[in-house]
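First the structure, in the form of C-alpha cells, and then the observations on it.
There are 2 protein chains.
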Amino acid sequence: MKRKITLKQIARELDVSISTVSKALRNSAEISEDTKQKVQAFAKLYNYRPNNIALSLKNRKTNTIGIIIPEIVHHFFSKVIRGVELVANKRGYNVIIGLSNESFSKEVINMEMLANGSIDGFILSISKETLQQQDYHHFNETMSQGMPIVMFDRVVSDIKCDKVIVDDLNGAKNAVKKLIENKCKSIALITTKDYVSVGKLRTQGYLEALEEHKMTPKAELILKIDDTLDYKVHLEELEAEIELLFKSNKKIDGVFAVNELYALSAMKVARKLGLDIPKDVQVIGFTDGVLSKHATPSLTTVSQHAQHMGEKAADLLIDKLENEINEDVEEEYQTVVIATDLIERESTK
Amino acid sequence: MKRKITLKQIARELDVSISTVSKALRNSAEISEDTKQKVQAFAKLYNYRPNNIALSLKNRKTNTIGIIIPEIVHHFFSKVIRGVELVANKRGYNVIIGLSNESFSKEVINMEMLANGSIDGFILSISKETLQQQDYHHFNETMSQGMPIVMFDRVVSDIKCDKVIVDDLNGAKNAVKKLIENKCKSIALITTKDYVSVGKLRTQGYLEALEEHKMTPKAELILKIDDTLDYKVHLEELEAEIELLFKSNKKIDGVFAVNELYALSAMKVARKLGLDIPKDVQVIGFTDGVLSKHATPSLTTVSQHAQHMGEKAADLLIDKLENEINEDVEEEYQTVVIATDLIERESTK
DNA sequence: TTTTAACACGAAAACGTTTTCGTTAGTGTT
DNA sequence: AACACTAACGAAAACGTTTTCGTGTTAAAA
Chain D
0 MKRKITLKQI
10 ARELDVSIST
20 VSKALRNSAE
30 ISEDTKQKVQ
40 AFAKLYNYRP
50 NNIALSLKNR
60 KTNTIGIIIP
70 EIVHHFFSKV
80 IRGVELVANK
90 RGYNVIIGLS
100 NESFSKEVIN
110 MEMLANGSID
120 GFILSISKET
130 LQQQDYHHFN
140 ETMSQGMPIV
150 MFDRVVSDIK
160 CDKVIVDDLN
170 GAKNAVKKLI
180 ENKCKSIALI
190 TTKDYVSVGK
200 LRTQGYLEAL
210 EEHKMTPKAE
220 LILKIDDTLD
230 YKVHLEELEA
240 EIELLFKSNK
250 KIDGVFAVNE
260 LYALSAMKVA
270 RKLGLDIPKD
280 VQVIGFTDGV
290 LSKHATPSLT
300 TVSQHAQHMG
310 EKAADLLIDK
320 LENEINEDVE
330 EEYQTVVIAT
340 DLIERESTK
Chain E
0 MKRKITLKQI
10 ARELDVSIST
20 VSKALRNSAE
30 ISEDTKQKVQ
40 AFAKLYNYRP
50 NNIALSLKNR
60 KTNTIGIIIP
70 EIVHHFFSKV
80 IRGVELVANK
90 RGYNVIIGLS
100 NESFSKEVIN
110 MEMLANGSID
120 GFILSISKET
130 LQQQDYHHFN
140 ETMSQGMPIV
150 MFDRVVSDIK
160 CDKVIVDDLN
170 GAKNAVKKLI
180 ENKCKSIALI
190 TTKDYVSVGK
200 LRTQGYLEAL
210 EEHKMTPKAE
220 LILKIDDTLD
230 YKVHLEELEA
240 EIELLFKSNK
250 KIDGVFAVNE
260 LYALSAMKVA
270 RKLGLDIPKD
280 VQVIGFTDGV
290 LSKHATPSLT
300 TVSQHAQHMG
310 EKAADLLIDK
320 LENEINEDVE
330 EEYQTVVIAT
340 DLIERESTK
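Sequence order for the protein chains is D and E.
For what it's worth, numbering that gives the first Met the number 0 labels the leading residue of the first sequence as 0, then goes sequentially.
For what it's worth, numbering that gives the first Met the number 0 labels the leading residue of the second sequence as 0, then goes sequentially.
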C-alpha cells in the first residue's frame, strides 16, 4: 500500500527543491526544458496528483458546493441534485450533501458542519420544521460569514439571497384553467396547510383561476391536509379524508392536487366510488414524479422542471463564488422563476 | 461580511500565542484556569469553530465519505444514499456524491477527482458501462493507494474489497416459488442481458425455483431486455417486446420481472390484452420502488432493503477507516448479504 | 575587464491547525 | 546559596501546496 506521492517526495528523488517541482509541473518559464521533462516524466510515472485539501487550504477555496435538502428519497429533490451535480462537475466543483430530514435541528447541525471550511457555498431547500418555527438565524449567520446561499423551491422572503423557485401560482392557475376549459363545473382542491409556501401559492393559483372565470370558490371543495404526517405511511388516513370530500360533494367533476400522492389518491378514491376518470372526474397533479407517468390512467401534471432548477441554482451559486472579487458591486440578489409546463396525459379529457 | 475567526486572530486579540489558544480551547492542563476562561469566553463570543480543511490536512483524514452511483433519480439509489448519510452523520462523517451516469469515463473522472485527498474512502455501485467493458483498473489503483472501497449491489468478484449485496438469487427464487405455489404453470421471466450481475443472479434464481419444482424452463418464456436503452424514454418499445412475449405464449399465467418498470409494463400489456391481474396472470417485481406500491393493482415485489444496504456499507467503510491502525491484521474483506422480503400486494393471489 | 541581464533554481512564507519540546519564573528543599 | 521541580506559556514543526523574492552562474554588452 503505497501512499499518494507528494511534491516533497518527488523533489527528494530528483534532488531538486519543492518549488522547482511545483513550477516544472505547472510549466513555468522559470524552469529549464530539461528539468521540466525530467520532473513531468517522473510525476506521470508515479501518477502524481496535487492534494485537494492542501490546495483548498492554500487557496481558501474548496471548489465544493454544499446542498441541504429535507429528503433525498423524493423525485423532485433527487432531480434537483442531479441538476446541481451536472453543472457543478462541469464547472469543476464537487457536491456534498446534507439531509435535514425535515428537522430544524438537523438542518442547523448539518449547515454548521459544512460551513467550517468544507464548502464554498450552499444550495438548499428549507425544512418544514424550520418553516413552521420561522427561525432563520442559521441562514443569516452563514451569509454574514461571507458564505453565499442559493435557496430553491421552499424559500422565505425574509432572507436576502439568490433564489430559484417554481412559478407555483401560474402553474396551478393554468392547471385549473385547463380543467375549467374542459367543462369542469365543480373543481376540488387538495392542498397542504399554508405554512409551506408552495402550498399557499398553489392554492392562490387555484383561487385566481376560478375568479377569472367568474366561478365562486367554495370552502367545502378545499381540502387542506396536515402534511406533518408522513402519508407514505398513513395512506389510508389520506384516502379516508379524500373519500369524505367526494361523498359530501357529489358534484365534483375536477380535482387539482398540489402533489402527486394526493392526486393519485384522489384517482383511487374516485374509482372506488364508481367514478370514471376522466369521464366523470378529471384530475391534475403538481409534481415531477414518476408515479404520474406510470399510473393508470396516467396523470396529467404540472411539471416543475426540477433538474433545470438544480442547474440554475448551481449556476447562480458558482457565478457568485467566482465574482466575489468585485466586492464593489453592491450585493444584489436574483430570484429566478422557473416556468411550469402542463403535461397532458390520460386523467384529463 | 466578517470572515471566520481563526486561532491566530484570537491569539493576537488576547495577546497570547496560538499554541496557548489552541490548548486553552481543548482544555489542556498546561494552561491556567484564568487563561482558559478568558480564551474560551472570547472564542464563544466570536463563535469560533476550527477550520475543517486545516484539520484534514493536519490529520491526513477528511472524515468524508465519497459515494459514487450510476444515477440518483432512482429510488433504490437514493434510499441507499439516505442510509449512508444516516450512519455517516451519526459517526461524524460527511458524504460527498459523484454520479457516473452509467458511464465508464465519468466514473473514472469522478473517482480521481475525489481520491486526491477529498475523502477517506469510497462507497460505490458500478456503472453499466464499466461492467460491460470489464475495466476495473481505477478501483484497483484507488485501493492500492490505501483508500478503502465498499461496493454495493452491482459488484464484481474480480475485485477484492468489502461488499454489500442483495440476496438476488434467493429473492428471485422465493418470488418464483410463490408464483408456483399460487398454481402458476407457465411463468415468464423478464430480465436484462447477463452482464449486469444482478440480472444474471435473478435469472438463476428463476431457473432454480423451476427446477426444484420439476418444471422445465422454456427459452421462449424468457425475455432478455437490452437495458442500455433508457426505457424511461423508450417505453413503447419495451411494451412492444412484452406484448410479443404474451402473444406468442398464450398460456402465460405468471410473470417474474427483475425490476419495477418491467413488471409494471407487463401488467399494462396484460391488461391491454384483456387479461385480469391477478386472476389470469400474477406478477411479481424486484425492487424497492414507489411505483409498485401505488400501481393499480399494486405490485407484489421482492424488497431489497436499500436503506439498510446503505447503512451497512457505511458501517463497513467507517469500521475499516477507523481500524486502519492495526495494519498487522491481514487485509480480509467481508461480503454482507442482505436478505430480501417478499411484499405481497394485489398482483398475486 | 567590468557591468548588466538573463537564466535556472532554492528558501521561505502562507493557508489554520495540533503537538512536541523547550524556556522562563517562581516555589520549595537541602 | 545552590538545586530541583513545577506551572504556564511560546516557538517551531508538520500536513502539501503555490508564489514571491532572493541568489548564484553564465553569457552578452560596454
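Cβ coordinates follow ideal geometry from the N, Cα and C atoms, glycine included.
Quick one: what does DSSP say E:K57 is sitting in, helix, strand or coil? Taking the first residue of the second sequence as position 1, residue 57 of chain E is located at position 58. Of the three classes helix, strand and coil, the one that applies to E:K57 here is helix, per DSSP.
For E:R90, decide whether its Cβ has a neighbour in chain D, counting only Cβ atoms nearer than 9 angstroms. Translated into positions along the second sequence, residue 90 of chain E becomes position 91. Chain D, which has no Cβ nearer than 9 angstroms to the Cβ of E:R90, makes this no.
Extent of the continuous alpha helix (DSSP H) run through D:T349: Because chain D spans 0 through 348 in this model, residue 349 of chain D falls outside it and cannot be assessed.
What residues of chain D sit near E:Q144, judged by a beta carbon separation below 8 angstroms? Here the question's residue 144 of chain E lines up with position 145 in the second sequence. Ordered by position in chain D, the residues that pass the 8 angstroms Cβ test against E:Q144 are M0, K1, R2 and K3.
Alpha-carbon spacing of D:E111 relative to E:L243, whole angstroms: Counting from 1 along the first sequence, the entry for residue 111 of chain D is found at position 112. Counting from 1 along the second sequence, the entry for residue 243 of chain E is found at position 244. Cα to Cα, D:E111 sits roughly 57 angstroms from E:L243.
Taking DSSP's pairing of strands, which residues face E:A187 in a bridge? By 1-based counting over the second sequence, the position of residue 187 of chain E is 188. Answer by DSSP bridge pairing, in chain order: E:V254.
Does D:I158 have its Cβ less than 9 angstroms from a Cβ in chain E? If you number the first sequence from 1, residue 158 of chain D lands on position 159. Answer no: the Cβ-Cβ gap between D:I158 and chain E never drops below 9 angstroms.
If you run the structure through DSSP and keep just helix, strand and coil, what is E:T5? Numbered from 1 along the second sequence, position 6 holds the residue referred to as residue 5 of chain E. Coil at E:T5, not helix or strand.
E:A28 and E:T19 closer than 9 angstroms at C-beta: As a position in the second sequence, residue 28 of chain E is number 29, starting the count at 1. As a position in the second sequence, residue 19 of chain E is number 20, starting the count at 1. Not closer than 9 angstroms, so no.
Report the neighbours of E:V72 on chain D: residues whose CB is nearer than 7 angstroms to its CB, in chain order. The residue given as residue 72 of chain E occupies position 73 in the second sequence. What E:V72 touches in chain D: H74, S77, K78 and R81.
Under 9 angstroms, Cβ to Cβ, is there at least one residue of chain D near E:N322? On the second sequence, position 323 is the one that residue 322 of chain E refers to. No, E:N322 does not count as interfacial toward chain D.
Nearest-angstrom Cα distance between E:N46 and E:S16? Along the second sequence, read from residue 1 onward, the residue named residue 46 of chain E stands at position 47. Along the second sequence, read from residue 1 onward, the residue named residue 16 of chain E stands at position 17. Rounded to the nearest angstrom, the two C-alpha atoms are 19 angstroms apart.
Applying a beta-carbon distance threshold of less than 8 angstroms, which residues of chain E neighbour D:R25? Taking the first residue of the first sequence as 1, we reach residue 25 of chain D at position 26. Per Cβ cutoff of 8 angstroms: no residues; D:R25 is ~16 angstroms from chain E at best.
Any alpha helix (DSSP H) of 4 or more consecutive residues that is wholly inside the stretch 20-82 of chain E: 32-44 and 51-58
Could you please give the first and the last residue of the uninterrupted beta strand (DSSP E) stretch that includes D:G284? On the first sequence, residue 284 of chain D is found 285 positions in, with the first residue counted as 1. Q281 to F285 is the extent of the beta strand (DSSP E) around D:G284.
Short of 9 angstroms Cβ to Cβ, which residues in the stretch 47-63 of chain D face chain E? Correct list: R48, P49, N50, N51, I52, A53, L54, S55, L56, R59, T61 and T63.
Counting pairs of Cβ atoms below 8 angstroms between the stretch 25-39 of chain D and the stretch 271-289 of chain D, do you hit three or more? no
Quick check: the stretch 104-118 of chain D against the stretch 78-89 of chain D, are there 3 or more CB pairs under 8 angstroms? no
Close beta carbons around D:S117, own chain, < 8 angstroms, minus the five adjacent residues each side: Locating residue 117 of chain D in the first sequence gives position 118, counting from the first residue. T61, T63, G65 and I95, listed in sequence order.
Is the number of C-beta pairs between the stretch 98-107 of chain E and the stretch 118-133 of chain E that are closer than 8 angstroms three or more? yes
Taking the continuous alpha helix (DSSP H) assigned at D:D134, which residues delimit it? Here residue 134 of chain D is taken as the residue at index 135 of the first sequence, counted from 1. First-last for D:D134: undefined, no H or E at that position.
For a contact defined as C-beta to C-beta under 8 angstroms, what are the partners of E:S99 on chain D? Locating residue 99 of chain E in the second sequence gives position 100, where the first residue counts as 1. Within 8 angstroms Cβ-Cβ: nothing; E:S99 doesn't reach chain D, min ~11 angstroms.
The stretch 333-348 of chain E in contact with the stretch 172-184 of chain E per 3-pair CB rule at 8 angstroms: yes
Taking 9 angstroms as the threshold (beta carbon to beta carbon), is E:V268 in contact with chain D? Counted from its first residue, the second sequence places residue 268 of chain E at position 269. At a cut-off of 9 angstroms between beta-carbon atoms, E:V268 makes no contact with chain D.
Distance, E:S196 Cα to E:L220 Cα: In the second sequence, the residue the question calls residue 220 of chain E occupies position 221. In the second sequence, the residue the question calls residue 196 of chain E occupies position 197. Cα to Cα, E:L220 sits roughly 21 angstroms from E:S196.
Residues in the same chain with beta-carbon distance under 6 angstroms from D:K172, minus the five sequence neighbours each way, listed in chain order, please. Taking the first sequence and counting its residues from 1, one reaches residue 172 of chain D at position 173. The answer, listed in chain order, is G204, E207 and A208.
Does D:N322 pass the burial test, meaning 16 or more other C-beta atoms within 10 Å, or should it be called exposed? Looking up residue 322 of chain D in the first sequence gives position 323. Looking at its Cβ environment, which holds fewer than 16 other Cβ atoms inside 10 Å, D:N322 is exposed.
If the cut is a Cβ gap below 7 angstroms, which residues of chain E does D:M112 touch? For the purposes of this step, residue 112 of chain D is identified with residue 113 of the first sequence, where counting begins at 1. Result: N93.
Taking the alpha-carbon of D:E128 as reference, which of D:K192, D:L320 and D:L260 has the nearest alpha-carbon? Taking the first sequence and counting its residues from 1, the one referred to as residue 128 of chain D is at position 129. Measuring from the Cα of D:E128, the nearest candidate turns out to be D:K192.
Mind reading off the beta-carbon distance from E:D167 to E:L200? Whole number of angstroms is fine, and I expect it under 8 angstroms. Translated into positions along the second sequence, residue 167 of chain E becomes position 168. Translated into positions along the second sequence, residue 200 of chain E becomes position 201. Correct: roughly 4 angstroms between the Cβ atoms.
Residues near D:Q306 by beta carbon distance below 8 angstroms, same chain, minus five either side: Within the first sequence, numbered from 1, the residue matching residue 306 of chain D stands at position 307. If we look at D:Q306 and ignore the five residues flanking it on each side, its Cβ neighbours are K78, V79, R81, G82 and L85.
Out of E:V257, E:Q132, E:L178 and E:Q131, which has the shortest C-alpha to C-alpha gap to E:E343? Stepping through the second sequence from its first residue, residue 343 of chain E is reached at position 344. Selected option, being the one with the closest Cα: E:L178.
Taking 6 angstroms as the limit between beta carbons, can you name the residues of its chain near D:M266, skipping five residues before and five after? Counted from its first residue, the first sequence places residue 266 of chain D at position 267. Within the same chain, D:M266 has close Cβ partners I276 and V282.
Please report how far the alpha carbon of D:K217 lies from the alpha carbon of D:G253, in whole angstroms. As a first step, residue 217 of chain D is located in the first sequence; it is residue number 218 there, counting from the start. As a first step, residue 253 of chain D is located in the first sequence; it is residue number 254 there, counting from the start. Going from the Cα of D:K217 to the Cα of D:G253 covers about 14 angstroms.
Run through DSSP, which three-state label would D:H202 get? Counting from one through the first sequence, the residue named residue 202 of chain D turns up at place 203. It is worth fixing the name first, because residue 202 of chain D is Thr in this sequence and not His. Three-state DSSP puts D:T202 in a helix.
Segments of 3+ residues assigned as beta strand (DSSP E) that fall wholly inside the stretch 296-336 of chain D: 299-302
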